[in-house]
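**Q** Chains as they are written, first to last, in the numbering used here: chain A, 20 to 265; chain B, 940 to 1526.
This is the structure, below, for whatever I ask next.
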């Protein structure tokens, strides 16, 4: 195995640069190194101004999503040696405004997440010391959607989000559906108000790219198709029953 | 440049403790304005990485007293027993609240919440969400927090100092990462929920963000740090990355093997090997004892030499693919993704790695520090319920119980406080000037952050490791202080305002050096062995002189001065710590 590899990284400081440019660095190619190790090596020893987010380096905090050779990936879970002899191209996640180098502005997702009401909604609370019974089968109904780490690789992969930033997008819809499918929740109709429009669920053309790139196998595309069914059912219920009835 | 905003309660840190505290404030009174200031988006916080579970009495054959006794004996009698008694009573209620908020707890076939065994616990009482309990707990708290309008978030703001006036903490100064703008946030009460500081060490399970910011902020403002000499090594981390392989792997029946395939723990007074897991025995002994056994095994030449130092093996193969995939899916994923090993068919190389700080900002049972207006909760704080060694699965309920308590106490305190002092503005401007003069506009500078950090980690590994001695500790605090002085001459490649992560790294390094010095000093002065603090030159526990908490205060020269206060004993007088066999008194 070659002992060194070239990393091409997007550099961009909006305060100074007219547009992003690519800069090359050469780093050691160790068998156990991931792309994040290469970025840290550059920052520690070659150029301290290289800017990127990272934290847990174990694929669960969701900080280090990037485009690696054009594919949205977690830098901490992508081995350098898979790209030998290189070069490896590292760019900020597509479809988001760049704040600096590899750091993108994800505040749009946070707003959309809050709007989809990702919390348990009930008309009557259980007493403090009493549990809801939830069988393993009921847990399995939503468990997969609850695995979302908010890394936003799915937004970087979604062509609809790329064309229409108003689109609620895969992760926020999957998390809304995670609560809709939870046997403890009664909020499906309330969530529909914010999601059942073109920008919400109906914008999705079922391209499926989101599911392909998800590092936690959440299957947002499946969640969105399921949600469309939920939406149709709730809509029918609303037509037949007076407002507020279940 | 300076922006000013104002809230009743400001929480620094958006992990489990911070979010639980924020919800507690919001539920106390929706008219109280509460801010959560975090250097990362809250769901990135390190609570996310907790794997195994959360302890809370659940089964009929269990009791609060048994959970308390396990905790106190696990902590080698350094826990404050009044705090432990409150903790074990409130833990199940807090875990049930999480259930109501949507936490996907793993279930029994009949739909009731399931519990699993855990190290140092005498019965099964650990609630879990597969082996990603912290992840689910954090996201449940974060998503639930979104429904409270009274919670304002400052995402990606890095707090650089506390604002203190008239002897009271009245706010913080923070840098907004996106813009580089300096922001003063005034408050009637501040709660520090910034977690631990594992990054002071080279091999750690801790995320990059665990740099002890809150501990250093409190210490610099005059609050003492308690029991800093007690550092928990987790016995099973992956060798290169330090990634945690959950204790749940052993709770489900995993074995620790030396180079001969021998379950070596049987040689260290931890019981006899059985095929199925026995509670408080062998692989389900406490973390300090297991990590110490590793070092002794290494000295006997019975570990395996790997590229990143000695390792032993964690063997899960006999559990079978079904158990591994349903009970330990994340363990399998981590092994496959980061070590290219499948635990279904292969042995996992593991070594002890720094995992948790028993010590932290000195607080009472309500999270209050001796500094009026300042509170702390979670790993950043030391109540202490963990004593000299924390039991696995006690930290998640701890951050819930004491996060909520701190939130309620800070709300009550804030209600009686006058509006913030006008003099705070001067303090904030001074801090802004310091950041410019020392970092962004400084000329020259010869030191590189990475070099100083590595040097610090070398000193800590050598002097404040699993085993310490007067010899290894001599001069350690001085060397760390010297590094702190050298860090004033740090050179930044990045002098820009926008998202300057190099500036943040420099500030974090300075925080870590501050805390590292208290660890070395407190370890030097505790001339006994207890729990995670093992002195080869003082191998015995000394209750006569050291049934005490250490308190490190920062003196005028910036050096730690260590004082002691007694441990609170209510119902469990100090006794021998026994694992793997019957205790002499039948306790």
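Glycine is no exception: its CB is placed at the ideal position from the N, C-alpha and C atoms.
Please report the straight-line C-alpha distance between residue 1526 of chain B and residue 1062 of chain B, rounded to a whole angstrom.
**A** Counting from one through the second chain, the residue named residue 1526 of chain B turns up at place 587. Counting from one through the second chain, the residue named residue 1062 of chain B turns up at place 123. Low local confidence applies: a pLDDT of 47 at residue 1526 of chain B is under 50, so the model's placement there is unreliable, with the coordinate-based value given in what follows. Each residue's alpha carbon lies about 14 Å from the other.
**Q** According to DSSP, is residue 86 of chain A part of a helix, a strand, or is it coil?
**A** In the first chain, the residue the question calls residue 86 of chain A occupies position 67. It is a strand residue.
**Q** Between the beta-carbon of residue 1251 of chain B and the beta-carbon of residue 1195 of chain B, is there less than 8 Å?
**A** By one-based count along the second chain, residue 1251 of chain B stands at place 312. By one-based count along the second chain, residue 1195 of chain B stands at place 256. Yes, they are a contact pair.
**Q** Given a threshold of 16 other Cβ atoms within 10 Å of its Cβ, counted over all protein chains shown, does residue 1504 of chain B qualify as buried or as exposed?
**A** Here residue 1504 of chain B refers to the residue found at position 565 when the second chain is read from its first residue. Label assigned to residue 1504 of chain B: exposed.
**Q** At a Cβ cut of 8 Å, what residues of the segment 144–162 of chain A count as close to chain B, listed as they run along the chain?
**A** Cβ contacts with chain B come from 144, 145, 147, 148, 149, 150, 151, 152, 153, 154, 155, 157, 158, 161, 162.
**Q** Among B:1483, B:1462, B:1485, which residue has its Cα nearest to the Cα of residue 1474 of chain B?
**A** As a first step, residue 1474 of chain B is located in the second chain; it is residue number 535 there, counting from the start. Of the candidates B:1483, B:1462, B:1485, the one whose C-alpha sits nearest the C-alpha of residue 1474 of chain B is B:1462.
**Q** Taking the alpha carbon of residue 1143 of chain B as the reference point, which residue from B:1050, B:1172, B:1070, B:1117 has its own alpha carbon closest?
**A** To locate residue 1143 of chain B, count along the second chain from 1; it is residue 204. Of B:1050, B:1172, B:1070, B:1117, the residue nearest in Cα terms is B:1172.
**Q** Do you know offhand how far residue 33 of chain A's Cα is from residue 93 of chain A's?
**A** Residue mapping note: residue 33 of chain A aligns to position 14 of the first chain, counting from 1. Residue mapping note: residue 93 of chain A aligns to position 74 of the first chain, counting from 1. One C-alpha to the other measures close to 24 Å.
**Q** Output yes or no for whether 8 Å exceeds the beta carbon distance between residue 1170 of chain B and residue 1313 of chain B.
**A** By one-based count along the second chain, residue 1170 of chain B stands at place 231. By one-based count along the second chain, residue 1313 of chain B stands at place 374. Taking 8 Å as the Cβ cut-off, residue 1170 of chain B and residue 1313 of chain B do not qualify as a contacting pair.
**Q** Below 8 Å, how does it come out for the segment 102–122 of chain A and the segment 1101–1110 of chain B: are there three or more Cβ pairs, yes or no?
**A** No, because fewer than three Cβ pairs between the segment 102–122 of chain A and the segment 1101–1110 of chain B fall closer than 8 Å, the two stretches do not touch.
**Q** What in chain A is Cβ-close to residue 1040 of chain B, meaning under 8 Å?
**A** In the second chain, the residue the question calls residue 1040 of chain B occupies position 101. Those within 8 Å of residue 1040 of chain B in chain A are 138, 139.
**Q** How about residue 1147 of chain B and residue 52 of chain A: are their beta carbons less than 8 Å apart?
**A** The sequence position of residue 1147 of chain B within the second chain is 208, counting from 1. The sequence position of residue 52 of chain A within the first chain is 33, counting from 1. For residue 1147 of chain B and residue 52 of chain A, no; Cβs fall outside 8 Å.
**Q** When we look at the beta-carbon of residue 236 of chain A and count the other beta-carbons within 10 Å, is it buried (16 or more) or exposed?
**A** Within the first chain, the letter at position 217 stands for residue 236 of chain A. Residue 236 of chain A is exposed by the Cβ-count criterion.
**Q** Under 8 Å: do the segment 1325–1337 of chain B and the segment 1064–1081 of chain B share three or more Cβ pairs, one atom per stretch?
**A** Result yes; three or more Cβ-Cβ pairs closer than 8 Å.
**Q** Is the CB-CB distance between residue 1030 of chain B and residue 1297 of chain B below 8 Å?
**A** To locate residue 1030 of chain B, count along the second chain from 1; it is residue 91. To locate residue 1297 of chain B, count along the second chain from 1; it is residue 358. No, the pair does not count as a contact, with Cβ atoms beyond the cut-off.
**Q** Taking Cβ positions only, does residue 242 of chain A come closer than 8 Å to chain B?
**A** Here residue 242 of chain A is taken as the residue at index 223 of the first chain, counted from 1. Chain B, which has no Cβ nearer than 8 Å to the Cβ of residue 242 of chain A, makes this no.
**Q** When Cβ atoms are compared, which residues of the segment 1017–1035 of chain B fall closer than 9 Å to chain A?
**A** Answer in chain order: 1031, 1032, 1035.
**Q** Distance cutoff 8 Å, beta carbons only. Does residue 33 of chain A sit that close to anything in chain B?
**A** If you number the first chain from 1, residue 33 of chain A lands on position 14. With 8 Å as the cut-off, residue 33 of chain A counts as an interface residue toward chain B.
**Q** Between residue 1476 of chain B and the rest of its own chain, which residues show a CB-CB distance below 7 Å, the 5 nearest in sequence each way excluded?
**A** In the second chain, residue 1476 of chain B corresponds to position 537, counting from 1. Here the set comprises 1408, 1409.
**Q** Answer with yes or no whether the minimum CB distance from residue 169 of chain A to chain B is below 8 Å.
**A** Within the first chain, residue 169 of chain A is the residue found at index 150, counting from 1. Yes, because at least one Cβ of chain B sits closer than 8 Å to the Cβ of residue 169 of chain A.
**Q** How would you write the range of the alpha helix (DSSP H) that residue 103 of chain A sits in, first residue to last?
**A** As a position in the first chain, residue 103 of chain A is number 84, starting the count at 1. First-last for residue 103 of chain A: undefined, no H or E at that position.
**Q** So what's residue 1310 of chain B in DSSP terms, helix, strand or just coil?
**A** For the purposes of this step, residue 1310 of chain B is taken as the residue at position 371 of the second chain. Residue 1310 of chain B falls in the coil class under three-state DSSP.
**Q** Specify, as a first and last residue, the run of the alpha helix (DSSP H) that residue 1035 of chain B falls within.
**A** For the purposes of this step, residue 1035 of chain B is identified with residue 96 of the second chain, where counting begins at 1. Run containing residue 1035 of chain B: 1020–1040, per the alpha helix (DSSP H) assignment.
**Q** Taking residue 233 of chain A as the query, report the chain B residues whose CB atoms sit under 8 Å from its CB, ordered along the chain.
**A** Counting from 1 along the first chain, the entry for residue 233 of chain A is found at position 214. Within chain B, no residue comes near residue 233 of chain A; the closest Cβ sits about 13 Å away, beyond 8 Å.
**Q** In terms of DSSP beta bridges, what is residue 1206 of chain B paired with?
**A** Counting from 1 along the second chain, the entry for residue 1206 of chain B is found at position 267. In DSSP, residue 1206 of chain B forms no bridge with anything.
**Q** Kindly identify the DSSP beta-bridge partner or partners of residue 1248 of chain B.
**A** One-based indexing of the second chain puts residue 1248 of chain B at position 309. Paired residue(s): B:1245.
**Q** Mind checking whether residue 1441 of chain B and residue 67 of chain A have CB atoms under 8 Å apart?
**A** Reading the second chain from its first residue, position 502 is the one you call residue 1441 of chain B. Reading the first chain from its first residue, position 48 is the one you call residue 67 of chain A. Contact: yes.
**Q** Could you give the DSSP three-state label for residue 1114 of chain B: helix, strand or coil?
**A** Taking the second chain and counting its residues from 1, the one referred to as residue 1114 of chain B is at position 175. Reduced to three states, the DSSP call for residue 1114 of chain B is strand.
**Q** Go to residue 1298 of chain B, then tell me how far its beta strand (DSSP E) extends in each direction, as first and last residue.
**A** On the second chain, residue 1298 of chain B is found 359 positions in, with the first residue counted as 1. Note, residue 1298 of chain B: premise wrong, no beta strand (DSSP E); not H, not E.
**Q** Counting only C-beta atoms, is residue 175 of chain A closer than 8 Å to chain B at any point?
**A** Residue 175 of chain A sits at position 156 when you count from the first residue of the first chain. No, residue 175 of chain A does not count as interfacial toward chain B.
**Q** Going by C-alpha to C-alpha distance, which of B:1300, B:1072, B:1230, B:1281 sits closest to residue 1161 of chain B?
**A** Here residue 1161 of chain B refers to the residue found at position 222 when the second chain is read from its first residue. Ranking the options by Cα distance to residue 1161 of chain B, first place goes to B:1300.
**Q** For residue 70 of chain A, which residues in chain B fall below 7 Å Cβ to Cβ?
**A** By 1-based counting over the first chain, the position of residue 70 of chain A is 51. Simply 1438, 1440.
**Q** Does the pairing of the segment 974–981 of chain B with the segment 943–959 of chain B give three or more beta-carbon distances under 8 Å?
**A** The segment 974–981 of chain B is in contact with the segment 943–959 of chain B.
**Q** Can you tell me whether DSSP reads residue 921 of chain B as helix, strand or coil?
**A** Outside the shown range of chain B, which is 940 to 1526, sits residue 921 of chain B, and nothing can be said about it.
**Q** Exposed or buried, what is residue 114 of chain A when buried is set at 16 or more other beta-carbons lying within 10 Å of its beta-carbon?
**A** Counted from its first residue, the first chain places residue 114 of chain A at position 95. So residue 114 of chain A ends up on the buried side.
**Q** Which chain B residues are close to residue 96 of chain A, counting only those with a beta carbon under 9 Å from its beta carbon?
**A** For the purposes of this step, residue 96 of chain A is taken as residue 77 along the first chain, with counting starting at 1. Those within 9 Å of residue 96 of chain A in chain B are 1276, 1277.
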